[in-house]
Structure formats: C-alpha cells, structure tokens
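Working notes for the structure below.
2 protein chains.
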Amino acid sequence: MVYQDKKQVDEKDISLKLFVVLNRAMQSIKKQIEEDIKRYGLNQTEFAVLELLYHKGDQPIQKIGSKVLIASSSITYVVDKLEKKKLIRRKPCPNDRRITYAVLTEDGKELMRTIFPEHKEAIHDILGGVDIDEKKMMIDQLKKLGTYANKDRS
Amino acid sequence: MVYQDKKQVDEKDISLKLFVVLNRAMQSIKKQIEEDIKRYGLNQTEFAVLELLYHKGDQPIQKIGSKVLIASSSITYVVDKLEKKKLIRRKPCPNDRRITYAVLTEDGKELMRTIFPEHKEAIHDILGGVDIDEKKMMIDQLKKLGTYANKDRS
DNA sequence: AAAATATATCTCGAATTCGAGATAATTATA
DNA sequence: TATAATTATCTCGAATTCGAGATATATTTT
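Each protein sequence line maps, in turn, to chains C and E. Quick note, the first sequence lines up with residues 1 to 154 if you use full-length UniProt numbering. Quick note, the second sequence lines up with residues 1 to 154 if you use full-length UniProt numbering.
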C-alpha cells in the first residue's frame, strides 16, 4: 500500500486524540478526588477497598484484588495498612484455610458512614463539567470502550 | 435538611457511576497500550516524552514535565533513562544557563519514525469499541470534564 | 490414595512516582 | 546595585505498585 486513504488517516488521528484527552481528563479528575480523599487520611486504593467492604460486605482478600484491579502483592500491602489503621481486620475462613477475609471494624464502618456521602458529593462536584444526560451517554460509551479494549485483538 | 430530593440523589449516583466506569475503561485501555509500547522496550512515560520531542522538537526539561504531566523529579528520572538508552541527550541552553534541553538523538528519531505509526495503529485498534462520531462526542465531553475538574471549586 | 494441578496469600526486590528541599541562575524590587 | 523573589533542575527518601516466586491448602486426575 503506497498511500493510505485520507479518511483512514483522519480516523486514527481521532483515536489518538481521544486517548490523549481521556488521559488528561482522567488525570485532572483523579487528582481532585485524591485530594478529597486525602482529607480522611486515605489514598484512592485504600478508599476503594473500604468502599468495597462497606457496600459488599466481607470479602476474601483475593476478591478485593479483582474488584479494585490491583495485583495480589499490592493487596497484601494495602490490607496491611488498613489493618494497622484499625479500619479492617483479617478473619480466616473456616471452610477453606487458604482464604482470609477482610472485614470492616466498627471504626471502619463508622468512618465510611461519615465520609462516603461527603465523598460522593465531592465526586459529583468534580464531575460537574457535563450534565446528567451527557454523563449517561459517556457511561455507555466508556463501557463499550472498556469491554472492547479487554478483548483479544491479536 | 432532613431528606434529599430524589432527583439529586440519582444524579449523584450517576456521577459516581461515571467515575467508576471511567476508571475501569481507562485501566483497560492503558494496560493494552502499555503492552504495545513494551514491545519497543519503553513504558508509557518514556514514550510520551519521545513523542513530545518527535512532534514538537527540542524541549526544555521543565516543559516536558508540564506537557506529560509529571513532577519535576520524575522527569529527571525519565530523561536519565532515555539518555542511557541513547534515545535523547541533554543540551544546555546558551541563553539561560538554568535550562537544559532534551533533544532526540538520531537513534531516537529513527526509532520514532518506525514505531509511532505502529503505535497509532495500535491505539486505533484498542479504541475500536466506539465509532468515529462517538469518539468526537467523547472528546468534547472529556474536555469539558477535564477543564471543569481543574477549576477551583472550594 | 498418591500425584499433579490449581488457588489464595504472602515475601521480596525492582520500577516508578512523588514531595520537600538543595543549588544555581535569572529577573524583579527596593 | 544589593536584595529578594522566581525559575529550572537535581537529589534524596518515602510511598505505591508490580511480577516472580515461595508456601500452604484444596481440588482434580490418574
């Protein structure tokens, strides 16, 4: 192929542009949200773990990894930190001795009851750049993007 | 306020959902792109720096930081790595002795000439989950989101 | 039942990023 | 001009994340 169809080239430029803009937007948003969470003495990963336990109840440590999307070695690290802060504790599974559950302590629950609504409010504020219909549209499109990206394209 | 307007609550849920979906999609996409770049023995930050120099020419090290969105200490680290790989070199600025330019070496240029088109193709493939019109729409919306997120909301 | 395979968690070292602060050079102010 | 403030880069130590591999337990296969 000596030359590429003009339209093809344009489309690739659009894709590249989308990636760049996605990156930028994400970084801005994450930075703001990180800022909010820092007020509670937590980082995003720690918060995500607490949020998971708060909404879904006790979880095997390994499940946490797949939901929060981090490597198993990283979970050990985060769970250690949260345990030191007395926000969660480890509880062995009686049926399967390989498994350890992460469980919110009373302190952890209390903290989440307080900060989760505030956090939700903060996210809503930070994402105020588009209206609700646009958000719904973006959710659909982002789901498609994410699902497709995970597919094997080789 | 004893209760919150139902609509308000829903809207906050949508915002939260958008954030979650955005995170997920981004992580999937980044992972795939990282994978592609790894084939060239680079990571995303290194690639971003090379790309910047390739498209915008020599840059003061500090400018690189603001474009690629990393801290000054991190740039020093990345520039060191790329210099060791002989893909860029440091060049002092004659007018302002505080400034050091990062400059693509011939090897660096050659590499980018080869891999940039491939990389662009890969991104296009990875982002195949939505069509071009949806991409254009997302670009606009993401720009709005990003700009707004950067605003001071305190 | 023994052997092989799979699963859950953890340890370790490496890579990457950050923030605080040091240093040197430049620009603005008194 | 001397002083103060700003700017560009770098150093250092800490935080976070990862992947490879270790260990213990459970499940599947022979």
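Heads up, the beta-carbon is just placed ideally off N, CA and C, and yes, glycines get one too. Computed from a prediction, not measured in an experiment: that's the story for all the values here.
Check: Rounded to whole angstroms, how far is the Cβ of Ile33/C from the Cβ of Gln44/C, which I believe are closer than 8 Å?
Finding: Confirmed, Cβ separation roughly 7 Å.
Notebook entry, point to check: So is Val49/C in contact with chain E if we call contact Cβ pairs under 8 Å?
Noted result: For Val49/C, the answer is no, since every Cβ of chain E falls outside 8 Å of its Cβ.
Note to self: For a test of the three-state rule: what should DSSP assign to Tyr54/E, helix, strand or coil?
What the structure shows: Tyr54/E: helix per DSSP, three-state reduction.
Next item on the list: Have a look at Leu69/C and Asp133/C and give me their C-alpha separation to the nearest angstrom.
Entry: Between the C-alpha atoms of Leu69/C and Asp133/C there is a straight-line separation of about 28 Å.
Next item on the list: Select from the stretch 29-42 of chain C all residues with a C-beta closer than 9 Å to any C-beta belonging to chain E, and list them in chain order.
Entry: Going along the stretch 29-42 of chain C in chain order, one finds Ile29, Lys30, Lys31, Gln32, Ile33 with a Cβ nearer than 9 Å to chain E.
Check: Where does Tyr101/E sit, in a helix, a strand or coil, going by DSSP?
Finding: Of the three classes helix, strand and coil, the one that applies to Tyr101/E here is strand, per DSSP.
Next item on the list: Compute the distance between the beta-carbons of Thr105/E and Ile88/E, then report whether it is under 8 Å.
Entry: With a cutoff of 8 Å on beta-carbon distance, Thr105/E and Ile88/E are scored as near each other.
Next item on the list: Grab me the residues of Thr114/C's own chain with a C-beta within less than 6 Å of its C-beta, minus the 5 sequence neighbours each way, in chain order.
Entry: Cβ neighbours of Thr114/C beyond the five flanking positions: none.
Check: When the Cα atoms are used, what is the spatial distance from Lys67/E to Asp13/C?
Finding: Going from the Cα of Lys67/E to the Cα of Asp13/C covers about 19 Å.
Item checked: Assigned secondary structure, Lys151/E (DSSP; H/G/I helix, E/B strand, else coil) -> In the structure shown, Lys151/E sits in coil (DSSP, three-state: anything other than H, G, I, E or B).
Next item on the list: Please specify which runs of the alpha helix (DSSP H), each continuous and at least 4 residues long, are wholly inside the stretch 64-145 of chain C, giving them in chain order.
Entry: For the stretch 64-145 of chain C, whole alpha helix (DSSP H) runs of length 4 or above, ordered along the chain, are 72-84, 106-126.
Notebook entry, point to check: Name the DSSP beta bridge partners of Gln59/C, please?
Noted result: Secondary-structure assignment with DSSP links Gln59/C through a beta bridge to Ala102/C.
Notebook entry, point to check: Would you report the Cα separation of Leu31/E and Leu127/C, rounded to the nearest angstrom?
Noted result: Sequence inspection shows Lys at residue 31/E; the Leu mentioned does not correspond to that position. When rounded, the distance between both Cα atoms is 24 Å.
Next item on the list: Measure from the C-beta of Glu11/C to each C-beta in chain E and report whether the shortest distance is under 8 Å.
Entry: With 8 Å as the cut-off, Glu11/C counts as an interface residue toward chain E.
Checklist line | Contact check, Ile61/E vs Ala102/E, beta carbons under 8 Å | finding: Against a cut-off of 8 Å, the Cβ pair of Ala102/E and Ile61/E comes out as a contact.
Check: Measuring CB to CB, does Leu16/C end up less than 8 Å from Ile139/E?
Finding: No, they are not a contact pair.
Next item on the list: Just the C-alpha distance for Val130/C and Phe19/E, rounded to the nearest angstrom, thanks.
Entry: Val130/C and Phe19/E have their C-alpha atoms some 13 Å from each other.
Note to self: With a threshold of 8 Å between beta-carbons, can Lys63/E be considered close to chain C, or not?
What the structure shows: No, Lys63/E does not count as interfacial toward chain C.
Margin query: Against His124/C, what residues of chain E qualify as contacts under a CB-to-CB distance less than 8 Å, listed in chain order?
Written below: Taking the beta carbon of His124/C as reference, the chain E residues within 8 Å of it are Glu11, Lys12, Ser15, Leu16, listed in sequence order.
Next item on the list: Apply the 10 Å Cβ neighbour rule to Asn23/C and answer buried if 16 or more other Cβ atoms are within range, or exposed otherwise.
Entry: Around the beta carbon of Asn23/C, a 10 Å sphere encloses 16 or more other beta carbons of the protein chains shown; the residue is thus reported as buried.
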